[in-house]
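The structure appears below as structure tokens.
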Amino acid sequence: MDDRPQTESLQAGRFGRLAPRGPLALGRIAATLALGFAAGWAASRVGLPLAWMLGPMLATAACAMLGWSPQPAPRSREFGQAVIGLAIGLRFTPVILASTATLLPAMAVATLGVIVLTTIAALAVRAMIGLDRQTAFFATAAAGMAEMAMLARDRGADSEAVAVFHAIRVGTIVTVAPLAVYAFGSDGGIPDLGQTGVVPPLPLALMLAGAVVAALIARPARIPNPWLFGPAILGLALAASGLVAGSIPPLLLIVAQVALGVALGARFQRSLMMRLPKVAACAFVVSLGLVAAAAGLAYGLSAATGLSYGTSFLAVAPAGVTEMVLTAKVMHLDTASVTAFHVMRIAAITATTLLTLRVYERLAGWLDAA
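The working numbering numbers the first residue of the sequence shown as 2 and each following residue consecutively.
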């Protein structure tokens, strides 16, 4: 029996399910948020790293897989990204920017390493479960789920399999990465700007409004991940100009983490995972392999640049940039370097996806003929 059903439309970047509307939707949103905050609180009590994101993500994913359809608040992921972007931007200084610029050669090499790793992963996926060439390639590419699913659909590949693979890849790496960094040492020695105080309510409200505008400007400008990097650029400009001194209030950061965690967990739809069990199982195994490979790549990066091992690991982990940067911030690692490496990766992969696909197809054809 074919493990890959016919592709259905992906609505709003999700898995083709129509969200309920009206009072039912409001009730489900409220229940989902309550679940997220309760899970975050419980995870923080037991000392789970990145508790306020991982707790909600795991709880929401578990409920989704058990048959209850969680519903995040509209634009909750974008809200979480904007808050994290502002928080990271406020940490940047001219000195940090200058030191990060010296890492450009290492960024290029690390990006090439990630592309090689994910290309090998695509070949492995074909060997493991027999996906067609293009579906395997787009499923393992270290880029955004929505973008890769749309490219897959446009080129006749199985966009549902791609979406499932990316959801599991991101979920697995986002779960494992904080635990791994915690094992490396939870404190990276980077001081928290919270020591200078938090931004007062009125300037904070204006900053949040400005973050929305910055994201809307960044989107047509084709800046990668505009809801993260648009606000980050705004935060950088405000901090460098001296107009804002301080950091994002901890409570707002908690809300942002819960919003991100719930949005990630809601991607796990039971009906789709059950229709694609081989894809889901393969995605989990390959994701663990990518974590192990990234750990090895991080060792070389740390030795070559002097970055801490935790920072190097987050810089090359093939997962969502928002989650990796957030992990770096919570673990007091070098958020500027992690951000810069992921910007380079996203830009390079977005620009070279079709070129890499041609190289990959030649390799796959050679292996098929061997």
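Where a beta carbon is used, it is the ideal one built from N, C-alpha and C, also for glycine.
Please look up how many angstroms separate the CB atoms of residue i and residue j, rounded, as I've assumed it's under 8 Å.
{"i": "Thr61", "j": "Ala267", "result": "6 Å"}
{"i": "Ser77", "j": "Val263", "result": "6 Å"}
{"i": "Ala39", "j": "Ala305", "result": "44 Å between Cβ atoms; not a contact."}
{"i": "Ala341", "j": "Thr101", "result": "5 Å"}
Rounded to whole angstroms, what's the CA-CA distance from residue i to residue j? Just pull it up for me.
{"i": "His343", "j": "Ser70", "result": "32 Å"}
{"i": "Gly195", "j": "Gly247", "result": "Residue placement at Gly195 cannot be trusted, given a pLDDT of 44 that sits under 50; the coordinates are not used to answer."}
{"i": "Met332", "j": "Val182", "result": "8 Å"}
{"i": "Ala233", "j": "Ala215", "result": "9 Å"}
{"i": "Gly301", "j": "Tyr310", "result": "9 Å"}
{"i": "Ala140", "j": "Ala63", "result": "23 Å"}
{"i": "Val126", "j": "Val163", "result": "12 Å"}
{"i": "Pro204", "j": "Met151", "result": "39 Å"}
{"i": "Arg92", "j": "Met146", "result": "28 Å"}
{"i": "Gly28", "j": "Phe166", "result": "30 Å"}
{"i": "Leu368", "j": "Glu362", "result": "10 Å"}
{"i": "Ala294", "j": "Leu118", "result": "7 Å"}
{"i": "Val1", "j": "Ile85", "result": "Nothing about residue 1 can be read from this structure; the chain reaches only from 2 to 371."}
{"i": "Ala281", "j": "Val245", "result": "46 Å"}
{"i": "Gly172", "j": "Gly157", "result": "26 Å"}
{"i": "Thr379", "j": "Val287", "result": "As shown, the chain starts at 2 and ends at 371. That puts residue 379 outside it, with no answer to give."}
{"i": "Ser313", "j": "Leu180", "result": "15 Å"}
{"i": "Thr357", "j": "Glu79", "result": "29 Å"}
If the criterion is Cβ atoms closer than 8 Å, does the pair residue i and residue j meet it?
{"i": "Ala111", "j": "Val317", "result": "yes"}
{"i": "Ala178", "j": "Ala299", "result": "no"}
{"i": "Thr323", "j": "Leu239", "result": "no"}
{"i": "Gln72", "j": "Ile30", "result": "yes"}
{"i": "Ala329", "j": "Pro95", "result": "no"}
{"i": "Ile116", "j": "Val326", "result": "no"}
{"i": "Trp42", "j": "Gln258", "result": "no"}
{"i": "Leu385", "j": "Ala365", "result": "In the structure as shown, the chain starts at 2 and stops at 371, and residue 385 therefore has no counterpart that could be examined."}
{"i": "Ile174", "j": "Leu265", "result": "no"}
{"i": "Gly231", "j": "Ala219", "result": "yes"}
{"i": "Ala122", "j": "Thr351", "result": "no"}
{"i": "Ile255", "j": "Leu87", "result": "no"}
{"i": "Arg223", "j": "Ala65", "result": "no"}
What residue range does the alpha helix (DSSP H) around residue i cover?
{"i": "Trp69", "result": "Looking at the DSSP string, Trp69 is not in any alpha helix (DSSP H), and its letter there is neither H nor E."}
{"i": "Arg276", "result": "Arg271 to Arg276"}
{"i": "Pro95", "result": "Pro95 to Ala102"}
{"i": "Val182", "result": "Ser160 to Phe185"}
{"i": "Ser338", "result": "Thr336 to Ala370"}
{"i": "Arg134", "result": "Arg134 to Thr141"}
{"i": "Ser248", "result": "That residue, Ser248, is in no alpha helix (DSSP H); it is neither H nor E in DSSP."}
{"i": "Val199", "result": "Element bounds for Val199: n/a, residue is neither H nor E."}
{"i": "Ser313", "result": "Tyr310 to Val317"}
{"i": "Gly86", "result": "Ser77 to Gly90"}
Using a Cβ-Cβ distance under 8 Å, would residue i count as near chain B?
{"i": "Gly81", "result": "Of the protein chains in this structure there is only one, and it is not chain B."}
Any 3 or more C-beta pairs closer than 8 Å across the segment 325-343 and the segment 204-220:
no
Is the number of C-beta pairs between the segment 346-363 and the segment 102-117 that are closer than 8 Å three or more?
yes
The segment 155-173 contacting the segment 271-278, beta-carbon criterion three pairs below 8 Å
yes
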